[in-house]
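Engineer:
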Amino acid sequence: MKMQKVWFITGASRGFGLEITKAALAAGDRVVATVRRQPAQLAATLDNHPELSVVQMDVAQEDQVQAAVKQGIARFGRIDVLVNNAGYGMVTAIEEATDAEVRKQYDTNVFGLLNVTRAVLPHLRQQKSGHVINISSIFGYDVVPGWGLYGSTKFAVEGISKGLAVELAPLGIHVTTVAPGLFTTDFLSTDSYVAAKTIIDDYQATVGRMRSGTDALHGNQPGDPKKFAQVMIQLANTDRPPLHLPVGKDAVSMYQNNATKMAQEIEAWLPVATSTDHDYRVAA
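In terms of the numbering used here, the sequence shown is residues 46 to 329.
1. Does DSSP put Q49 in a helix, a strand or coil?
2. How long is the line joining the alpha carbons of S182 and Q279, rounded to whole angstroms?
3. Quick one: residues in its chain with C-beta nearer than 6 Å to the C-beta of R75, no 5 flanking neighbours on either side, listed in chain order?
4. Which first and last residues belong to the beta strand (DSSP E) in which R75 is found?
5. To the nearest angstrom, how far is the alpha carbon of S234 from that of I180?
6. Using 8 Å as the threshold, is the C-beta distance between V161 and L127 below it?
7. Check the DSSP bridge columns for G175 and list the partner residues they point to.
8. What residue does the alpha helix (DSSP H) around P316 start on, and which one ends it?
9. For L288, collect the residues of the same chain with a Cβ closer than 8 Å to its Cβ; drop the 5 residues on either side in sequence, then sort them by chain order.
10. When you compare the CB positions of L216 and A142, do they come within less than 8 Å of one another, or not?
11. Between the alpha carbons of V239 and M135, how many angstroms are there, rounded?
12. Counting C-beta neighbours from all protein chains within 10 Å, is the total for W192 16 or more, i.e. buried, or is it exposed?
13. Among residues of its own chain, excluding the 5 on either side of G157, which ones have a beta-carbon nearer than 7 Å to its beta-carbon?
14. Check for me: the alpha helix (DSSP H) holding L127 runs from which residue to which?
15. Take every Cβ of the region 112-121, pair it with every Cβ of the region 158-178, and state whether three or more of those distances are shorter than 8 Å.
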């Protein structure tokens, strides 16, 4: 008999977060779904499902995060699956982005993820069980012009997840980074990602093309978000989940291409890379 799980899902108002919430409820689980605004609207969208608790929370505000987790525990008694999904994209050349724009990106995509993880882990440790699923990105494996800073936040998520995995494994807690490719969510709509206010003409041939091409790609991505949500349900119900899971043919291809490029570069420079040890002399 399948055990009913309690999910804590951030960024649940739309996109992956909404689809995962729907899929978890349909699977017979309970969900604490967090949104930055209008919690009643999400509850109504999901027909005020009796196994759903919608909580207003900004991941960048640690006091709100702590309160939301306490509210979820009070409602359902435990958390079994944490899905760190909240985040947003930014199209910009790295030089173009201001300090404030970069910090805001990291506050949500990296420090927000850490805020939520720190708030949930004490409960998972007490249970000696649980699964932390961090949503990374195809750009957490490699980058394209214009998405370098966003990609750097996902590289950070990958590194944090690897650290968490080795620290939490002895406590019975699993960690997985899920790196989706391009799916028909709102991620590429103009009201979901942001563009840096500064534009430098020298980047027109690279970042400029991405700025003009992103809107055209919206709605034409290959991935089905509902199918992505089903992958998440399967992942949460496996006894031996992977640490890394690219989802989508494009994400798998990005991972494989990047791994090949890195291996080739290291091999080409291997004599230099391995030439730096001390020269020890054996005494006569």
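Ideal placement from N, C-alpha and C gives every residue a C-beta, glycine not left out.
Structural biologist: Working from what's here:
1. In the sequence shown, residue 49 corresponds to position 4, counting from 1. The answer is coil: DSSP assigns Q49 none of H, G, I, E or B.
2. Translated into positions along the sequence shown, residue 182 becomes position 137. Translated into positions along the sequence shown, residue 279 becomes position 234. Cα to Cα, the separation comes out at about 19 Å.
3. Taking the sequence shown and counting its residues from 1, the one referred to as residue 75 is at position 30. Only V51, E96, F121 meet the Cβ criterion.
4. Along the sequence shown, one-based indexing puts residue 75 at 30. First-last of the beta strand (DSSP E) with R75: 75-80.
5. If you number the sequence shown from 1, residue 234 lands on position 189. If you number the sequence shown from 1, residue 180 lands on position 135. Residue placement at S234 cannot be trusted, given a pLDDT of 49 that sits under 50; what the coordinates show is reported in the next sentence. S234 and I180: Cα-Cα distance of roughly 19 Å.
6. Position 116 of the sequence shown, counted from the first residue, corresponds to residue 161. Position 82 of the sequence shown, counted from the first residue, corresponds to residue 127. Cβ atoms of V161 and L127: closer than 8 Å.
7. Taking the sequence shown and counting its residues from 1, the one referred to as residue 175 is at position 130. Answer by DSSP bridge pairing, in chain order: I218.
8. Within the sequence shown, residue 316 is the residue found at index 271, counting from 1. Residues 315-318.
9. Sequence index remark: in the sequence shown, residue 288 carries index 243 (1-based). Cβ neighbours of L288 beyond the five flanking positions: S206, K207, A210, V220, T221, T222.
10. Taking the first residue of the sequence shown as 1, we reach residue 216 at position 171. Taking the first residue of the sequence shown as 1, we reach residue 142 at position 97. No.
11. Position 194 of the sequence shown, counted from the first residue, corresponds to residue 239. Position 90 of the sequence shown, counted from the first residue, corresponds to residue 135. About 5 Å.
12. What you label residue 192 is simply residue 147 of the sequence shown in a count that begins at 1. By the 10 Å Cβ count, W192 comes out buried.
13. Translated into the one-based positions of the sequence shown, residue 157 becomes position 112. Only V104, A105, A131 meet the Cβ criterion.
14. Position 82 of the sequence shown, counted from the start, is the residue given in the question as residue 127. Looking at the DSSP string, L127 is not in any alpha helix (DSSP H); the run it does join, the beta strand (DSSP E), is 126-129.
15. yes
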